[in-house]
Amino acid sequence: MSDLVGDARAWSPDAQEAVRLLAVSALVEGRDRIEVAALFKVSVKAVDNWWAKWQAGGRDALLSRPRGRRVGEHQVLSEAEQAAVRQAVLDHIPSDLGLSGQLWTRGQVGELVFKL
Numbered sequence: 001m002s003d004l005v006g007d008a009r010a011w012s013p014d015a016q017e018a019v020r021l022l023a024v025s026a027l028v029e030g031r032d033r034i035e036v037a038a039l040f041k042v043s044v045k046a047v048d049n050w051w052a053k054w055q056a057g058g059r060d061a062l063l064s065r066p067r068g069r070r071v072g073e074h075q076v077l078s079e080a081e082q083a084a085v086r087q088a089v090l091d092h093i094p095s096d097l098g099l100s101g102q103l104w105t106r107g108q109v110g111e112l113v114f115k116l
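Once you know that position 83 of the sequence shown is 83 in the numbering used here, the rest is easy, because the numbers rise by one and skip nothing.
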């Protein structure tokens, strides 16, 4: 745990989870929340948030979860449209399809999506 210095947001999810679990364990053992915050070099607000989550959902509420959208959630293109774009990018260069340039960029793929 000695390698955990600086902004906790830069720590790995596993390290963040370990600190949350250890901090709550310290609170359960009767340590003061200000003392726990100082011990783990986090804010008292963070300790309070972890404590509230633990009280509401137990250990599971403190575990790391994947961030962002789930795979496939809120997709704009259908599977067939995605396949068509993928195949066009693999089989052609942008200029073949009336776009500028010789190499695919994110912007050109976006233009291709509107074109298809």
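Each residue gets a CB set at the ideal place from its N, CA and C atoms; glycine is no exception.
Please read all numbers here as calculations on a predicted model, not as lab measurements.
### Collapsed DSSP secondary structure at Gly72 in the structure displayed
It is coil, neither helix nor strand.
### Query
Do you know how far the Cα of Ala80 is from the Cα of Phe114?
14 Å
### Closest by C-alpha distance to Val47, when choosing among Ile34, Leu112, Pro66
Ile34
### Message
Quick check on the burial criterion: 16 or more other C-beta atoms within 10 angstroms. Buried or exposed for Val28?
### Response
exposed
### Query
By DSSP, does Glu29 sit in helix, in strand, or in coil?
coil
### Message
Give me, in chain order, the residues of the same chain whose beta-carbon lies closer than 6 Å to that of Glu111; leave out the 5 immediate sequence neighbours on both sides.
### Response
Leu99
### Task
Assign Asp7 to one of two classes, buried (16 or more other C-beta atoms within 10 Å of its C-beta) or exposed (fewer than that).
exposed
### Query
Helix, strand or coil: which one does DSSP assign to Ile34?
helix
### Task
Report the residue from Val71, Leu22, Ala37, Phe40 whose alpha carbon sits nearest the alpha carbon of Arg59.
Leu22
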